[in-house]
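Reviewing the structure listed below.
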Amino acid sequence: MSIERLYVAESIRDKFIAAFVARTKALKVGAAYDYSIDVGSLTTTSSQLKTVTQPVEDAVAKGATVLGGGKARPDLGPLFYEPTILTDVTPDMTLYDHETFGPVVSIYSYRDVDEAITLANSSPYGLNASVWSRNGARGRAVAARVHAGTVNVNEAFAAAWGSIDAPMGGVGDSGLGRRHGAEGILKYTEPQTVAHAHKILGPARLEPHTRQPWPVRSGT
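If you read the sequence shown in our numbering, its first letter stands for residue 78, the second for the next number, and so on.
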């Protein structure tokens, strides 16, 4: 999983970005079978690496700013890519509203909550989102307005993932049905209707043709 976009209040934008960039640059990238590494390799094929690199290259070519990372690391392995942070991403860039499923995040600022929600809902994708607030009730109210299959308050993903009875999945162009809960089991079923008429049904007589009730009613 990866966080694709961050929406930060204008009042704390600069302070947040400075801290976020510092923490990101401190991450250890590499290959290991223990927890000494923070960021590993992409896990699929070279096509996934292109899915990550091409939107970044497109954004940079059109004026986006790279604050950290921004390139592949073939010295570490064939599918390694640096944790990457971009700002100044605009709607004409692929990265603005597409998913990379890689270590790439773009940061946007907003003036008020309504603008933040509008920005968050501007993408055709809606797999997972999170809302962060000191006021839990306000956070939940905002979360209810975000178009995503799962929205976490003051947590990125694990709380919902660990709630095994709560269905998880995407809306819009995201996801493939639901997992977890009864909905997750029903995903692997096909509904079938079997109708048994105990008598031969006569023609339906409905208004304006007649005011008489149906002549035959099917049994149960």
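Using N, Cα and C, we set each Cβ at its ideal position, and we do this for glycine too.
(message) So, does the stretch 155-170 touch the stretch 188-197, judging by three or more C-beta pairs under 8 angstroms?
(response) no
(message) If distances are taken between C-alpha atoms only, which option among 249, 159, 175, 204 comes closest to residue 107?
(response) 159
(request) Take the Cβ of residue 186 as the centre, count every other Cβ of all protein chains shown within 10 Å, and call the residue buried at 16 or more, exposed below. (result) buried
(request) Measuring alpha carbon to alpha carbon, tell me which of 161, 183, 179 ends up nearest residue 170. (result) It is 183.
(request) Compare the Cα-Cα distances from residue 110 to each of 118, 103, 204 and report the closest residue. (result) 118
(request) Tell me where the beta strand (DSSP E) around residue 82 begins and ends. (result) That run of the beta strand (DSSP E) goes 82-86.
(message) Less than 8 angstroms between the C-beta atoms of residue 161 and residue 146, yes or no?
(response) yes
(message) I'd like the list of long-range same chain contacts for residue 228, defined as Cβ closer than 6 angstroms, with 5 residues on each side in sequence excluded.
(response) 206, 220
(request) Establish whether the CB of residue 153 and some CB of chain C are separated by less than 8 angstroms. (result) Going by chain labels, chain C is absent from the structure shown, which holds only one protein chain.
(request) Quick one: using the 10 Å Cβ neighbour count with 16 as the cut-off for buried, is residue 53 buried or exposed? (result) Summary: the structure shown does not reach residue 53, with the chain confined to residues 78 through 297, and so no result is reported for it.
(message) residue 144 and residue 89 - do their beta-carbons sit closer together than 8 angstroms?
(response) Against a cut-off of 8 angstroms, the Cβ pair of residue 144 and residue 89 comes out as no contact.
(message) Considering just the uninterrupted stretch of the alpha helix (DSSP H) at residue 104, what are its terminal residues?
(response) Looking at the DSSP string, residue 104 is not in any alpha helix (DSSP H), and its letter there is neither H nor E.
(message) So, at 7 angstroms on beta carbons, what are the nonlocal neighbours of residue 217 in its own chain, with the 5 sequence-adjacent residues on each side left out?
(response) 230, listed in sequence order.
(request) Output the distance between the C-alpha atoms of residue 211 and residue 179, rounded to the nearest integer angstrom. (result) 29 angstroms
(request) Within 10 angstroms of the Cβ of residue 100, are there 16 or more other Cβ atoms? Answer buried if so, exposed if not. (result) exposed
(request) Give the secondary structure of residue 237 by DSSP, where H, G and I count as helix, E and B as strand, and everything else as coil. (result) helix
(request) Within 10 angstroms of the Cβ of residue 177, are there 16 or more other Cβ atoms? Answer buried if so, exposed if not. (result) buried
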